[in-house]
Amino acid sequence: MDRIRSFFRNPIFVLSKKNPFMLSRWSLLYVLLGLFGGLFAALFWKTLEYLTVFIGKLEGPWIIALMTVSGLGIGLIIYFLGEPGEISLVIDNIRFKGGKLDTKSNPSMAASSLLSISSGGSAGPEAPLIQIIGSIGSWFAELLGLEGEELRSMTIAGMASGFTSLFGSPLGGALFALEILQHRHVVEYYEALLPAFLSSCSAYFVFLWMTDMGIGPTWQFPQYVPGGIEDFENAIAFGIAGAAVGWIFYGVFRATKFSFAKVPGPIFVKTTLGGLLLGCIAFYQPLTRYFGHDQLNQIVTTQGNWVFFGSLVLLKILAINTTISSGWRGGIIIPLFFVGATTGRFLMDFFPTENESFLLICLMASVNASVTKTPVSTTILLADLTGVSSFTPVLFASLSGYFLSPKAPFIRSQADLN
Numbered sequence: 275m276d277r278i279r280s281f282f283r284n285p286i287f288v289l290s291k292k293n294p295f296m297l298s299r300w301s302l303l304y305v306l307l308g309l310f311g312g313l314f315a316a317l318f319w320k321t322l323e324y325l326t327v328f329i330g331k332l333e334g335p336w337i338i339a340l341m342t343v344s345g346l347g348i349g350l351i352i353y354f355l356g357e358p359g360e361i362s363l364v365i366d367n368i369r370f371k372g373g374k375l376d377t378k379s380n381p382s383m384a385a386s387s388l389l390s391i392s393s394g395g396s397a398g399p400e401a402p403l404i405q406i407i408g409s410i411g412s413w414f415a416e417l418l419g420l421e422g423e424e425l426r427s428m429t430i431a432g433m434a435s436g437f438t439s440l441f442g443s444p445l446g447g448a449l450f451a452l453e454i455l456q457h458r459h460v461v462e463y464y465e466a467l468l469p470a471f472l473s474s475c476s477a478y479f480v481f482l483w484m485t486d487m488g489i490g491p492t493w494q495f496p497q498y499v500p501g502g503i504e505d506f507e508n509a510i511a512f513g514i515a516g517a518a519v520g521w522i523f524y525g526v527f528r529a530t531k532f533s534f535a536k537v538p539g540p541i542f543v544k545t546t547l548g549g550l551l552l553g554c555i556a557f558y559q560p561l562t563r564y565f566g567h568d569q570l571n572q573i574v575t576t577q578g579n580w581v582f583f584g585s586l587v588l589l590k591i592l593a594i595n596t597t598i599s600s601g602w603r604g605g606i607i608i609p610l611f612f613v614g615a616t617t618g619r620f621l622m623d624f625f626p627t628e629n630e631s632f633l634l635i636c637l638m639a640s641v642n643a644s645v646t647k648t649p650v651s652t653t654i655l656l657a658d659l660t661g662v663s664s665f666t667p668v669l670f671a672s673l674s675g676y677f678l679s680p681k682a683p684f685i686r687s688q689a690d691l692n
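So this is what it looks like as structure tokens:
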């Protein structure tokens with residue numbers, strides 16, 4: 275341990291006091307952390323892709339059996355390897371416990387989330403990447419003997435690298451890692467801004483290099499052509515609609531959370547029951563399966579009326595909350611984007627002259643901001659994910675969804691201590 279600390283105190287890292295550049299050893303350390311974060315995220319993504327293709331070969335009624343057995347497997351992993359926690363625990367540790375994250379739960383989180391996501395759970399890889407890479411940042415900080423804000427910044431930088439690797443947006447990913455920590459203030463730990471940006475950029479470079487995903491929009495939406503002042507008026511209206519969906523989401527979450535809390539027995543009983551329910555939902559409506567990364571492109575081209583898309587919104591909300599409440603592991607950000615886009619297609623029947631791309635992106639922003647309380651970073655993320663060039667009206671939708679959302683945050687630890 276002391277040798278490692280001495281190594282990083284070497285002049286090559288410390289640099290001379292007469293150094294004429296802004297570059298410092300801290301800059302190098304955050305970049306190094308990002309490189310590790312990008313490497314892990316790429317390996318996680320590659321493994322997830324392989325498992326998804328392998329497991330996804332089963333179709334039809336077999337999906338119900340597959341997801342039920344997967345639920346049992348997830349529960350057994352957690353039962354024997356330990357409770358991996360969730361994003362609420364990560365935020366709680368950063369805000370109220372100095373930023374320290376324990377790496378001991380990483381094997382359980384990695385294994386349970388890989389099975390959860392690849393078998394078709396409605397939760398994405400952002401939560402496990404945040405927790406695992408954030409804990410690596412925390413471990414790295416302890417290795418260097420860092421404390422206080424320095425330790426917290428290293429942990430947040432690790433989280434940011436996990437966000438960015440998945441979303442392909444160094445600016446949006448870094449801001450999201452900071453914004454999600456508090457439901458009232460956009461950035462509470464401003465000292466971590468530059469560390470988060472540095473770690474995000476280096477992680478993104480490594481992730482692209484290893485995955486060959488390329489630079490460009492993740493989802494192929496029709497090009498949004500900016501109009502006039504009416505775009506801002508419509509964005510606010512769509513933001514209100516997104517907030518309404520957020521309230522529905524919150525209500526369904528409370529119902530599913532209460533219901534699964536009443537299920538007796540060890541964790542694998544709940545995860546198995548959750549798998550059975552998810553399998554039934556996926557068999558009835560296949561688009562509810564998985565976390566929406568690939569399925570979101572289908573929403574743009576799928577034919578259907580308001581009844582089809584309205585029922586899909588409700589079923590997807592139920593699937594997401596069943597996934598979370600039953601103990602399956604994963605994140606909700608991309609699934610919420612899917613819900614927002616589907617809500618946009620639902621509204622197309624009532625606003626047929628509206629620019630489809632603008633409508634969908636506004637709903638994606640407002641729904642996500644309503645639930646996660648991250649209006650600014652959500653807008654920036656969507657600008658990169660969808661390729662929208664003029665995102666200012668989208669920010670209006672995002673802010674509308676945020677300010678009209680439930681005061682009690684969906685992630686409990688986002689709330690203030692008092």
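One gets the numbering used here by counting positions in the sequence shown from 1 and adding 274 to each. By construction, the Cβ of each residue, glycine as well, lies at the ideal position given by its N, Cα and C atoms.
For residue i, count neighbouring C-beta atoms within 10 Å of its own C-beta (all shown protein chains included) and say buried if the count is 16 or more, exposed if not.
{"i": "Glu453", "result": "buried"}
{"i": "Asn579", "result": "exposed"}
{"i": "Thr562", "result": "buried"}
{"i": "Val529", "result": "Note that residue 529 is Ala in the sequence shown, not Val. So Ala529 ends up on the exposed side."}
{"i": "Ser663", "result": "exposed"}
{"i": "Tyr564", "result": "buried"}
{"i": "Val480", "result": "buried"}
{"i": "Ala682", "result": "exposed"}
{"i": "Lys531", "result": "exposed"}
{"i": "Thr251", "result": "For residue 251 there is no data in the structure shown, the boundaries of the chain being 275 and 692."}
{"i": "Lys331", "result": "exposed"}
{"i": "Phe328", "result": "exposed"}
{"i": "Asp505", "result": "buried"}
{"i": "Pro626", "result": "exposed"}
{"i": "Val581", "result": "exposed"}
Can you give the Cα-Cα distance for residue i and residue j, rounded to whole angstroms?
{"i": "Asp623", "j": "Tyr478", "result": "39 Å"}
{"i": "Val305", "j": "Lys320", "result": "22 Å"}
{"i": "Ser651", "j": "Gly356", "result": "32 Å"}
{"i": "Ser386", "j": "Phe512", "result": "36 Å"}
{"i": "Pro491", "j": "Lys536", "result": "43 Å"}
{"i": "Leu703", "j": "Leu388", "result": "Nothing about residue 703 can be reported from this structure: the residues present for the chain run from 275 to 692 only."}
{"i": "Ile654", "j": "Ile591", "result": "24 Å"}
{"i": "Met638", "j": "Phe611", "result": "5 Å"}
{"i": "Ile407", "j": "Ile503", "result": "43 Å"}
{"i": "Val668", "j": "Gly516", "result": "12 Å"}
{"i": "Glu465", "j": "Ser301", "result": "13 Å"}
{"i": "Leu551", "j": "Ala339", "result": "10 Å"}
{"i": "Cys554", "j": "Asn642", "result": "26 Å"}
{"i": "Ala657", "j": "Phe495", "result": "11 Å"}
{"i": "Phe281", "j": "Ile410", "result": "Per-residue confidence for Phe281 stands at a pLDDT of 47, beneath the threshold of 50, marking its modelled position as unreliable; the derived number appears in the next sentence. Their backbone Cα atoms lie some 18 Å apart in a straight line."}
{"i": "Leu350", "j": "Leu673", "result": "41 Å"}
{"i": "Leu248", "j": "Ser476", "result": "In the structure as shown, the chain starts at 275 and stops at 692, and residue 248 therefore has no counterpart that could be examined."}
{"i": "Pro680", "j": "Thr648", "result": "13 Å"}
{"i": "Phe665", "j": "Pro538", "result": "48 Å"}
{"i": "Trp493", "j": "Glu507", "result": "25 Å"}
{"i": "Leu346", "j": "Gly394", "result": "14 Å"}
{"i": "Phe318", "j": "Gly525", "result": "33 Å"}
{"i": "Leu303", "j": "Leu420", "result": "12 Å"}
{"i": "Leu634", "j": "Gln497", "result": "12 Å"}
{"i": "Gly232", "j": "Gly501", "result": "Since the displayed the chain opens at 275 and closes at 692, residue 232 lies outside it and no answer follows."}
Since residue i and residue j are thought to touch, with beta carbons under 8 Å apart, how far apart are those beta carbons, to the nearest angstrom?
{"i": "Trp413", "j": "Thr377", "result": "5 Å"}
{"i": "Ser396", "j": "Ile594", "result": "4 Å"}
{"i": "Gly605", "j": "Ala401", "result": "3 Å"}
{"i": "Gly675", "j": "Gly520", "result": "6 Å"}
{"i": "Ala434", "j": "Gly447", "result": "6 Å"}
{"i": "Phe583", "j": "Phe620", "result": "4 Å"}
{"i": "Gly718", "j": "Ser585", "result": "Examination of residue 718 is not possible in this model, given that the chain is present from 275 through 692 alone."}
{"i": "Ile489", "j": "Phe437", "result": "Not confirmed; about 17 Å, so no contact."}
Give the single residue among the options whose Cα lies nearest to the Cα of residue i.
{"i": "Gly432", "options": "Ala415, Ser443, Gly442", "result": "Ala415"}
{"i": "Thr326", "options": "Ser344, Gly408, Ile510", "result": "Ser344"}
{"i": "Thr660", "options": "Thr646, Ser679, Cys636, Lys681", "result": "Cys636"}
{"i": "Phe534", "options": "Cys554, Thr597, Tyr558, Lys681", "result": "Thr597"}
{"i": "Phe670", "options": "Asp658, Ser644, Pro680", "result": "Ser644"}
{"i": "Ala470", "options": "Leu482, Arg426, Phe582, Pro500", "result": "Arg426"}
{"i": "Ile608", "options": "Leu303, Phe441, Tyr324, Leu418", "result": "Phe441"}
{"i": "Gly548", "options": "Trp602, Gly398, Glu424, Glu333", "result": "Trp602"}
{"i": "Asn629", "options": "Pro444, Val499, Tyr324, Met341", "result": "Val499"}
{"i": "Ala556", "options": "Thr616, Thr342, Phe527, Phe523", "result": "Thr342"}
{"i": "Glu424", "options": "Leu467, Ala509, Ser382", "result": "Leu467"}
{"i": "Ser600", "options": "Leu570, Met487, Ile541", "result": "Ile541"}
{"i": "Leu418", "options": "Gln559, Leu307, Gly501", "result": "Leu307"}
{"i": "Phe632", "options": "Ser443, Gln569, Ile510", "result": "Ile510"}
Can you find a C-beta in chain B that's less than 8 Å from the C-beta of residue i?
{"i": "Glu357", "result": "Although the question refers to chain B, the structure presented lacks it and comprises just one protein chain."}
task = May I have a chain-ordered list of the alpha helix (DSSP H) segments no shorter than 4 residues that lie completely inside the stretch 514-562?
result = 541-558
ask   = Which runs of the alpha helix (DSSP H), 4 residues or longer, sit entirely within the stretch 385-450?
value = 400-417, 422-441
message = Quick check on the DSSP output: what are the complete alpha helix (DSSP H) runs of length 4 or more inside the stretch 314-352, in order along the chain?
response = none
Length at least 4, wholly inside the stretch 605-635: the alpha helix (DSSP H) runs in chain order = 607-622
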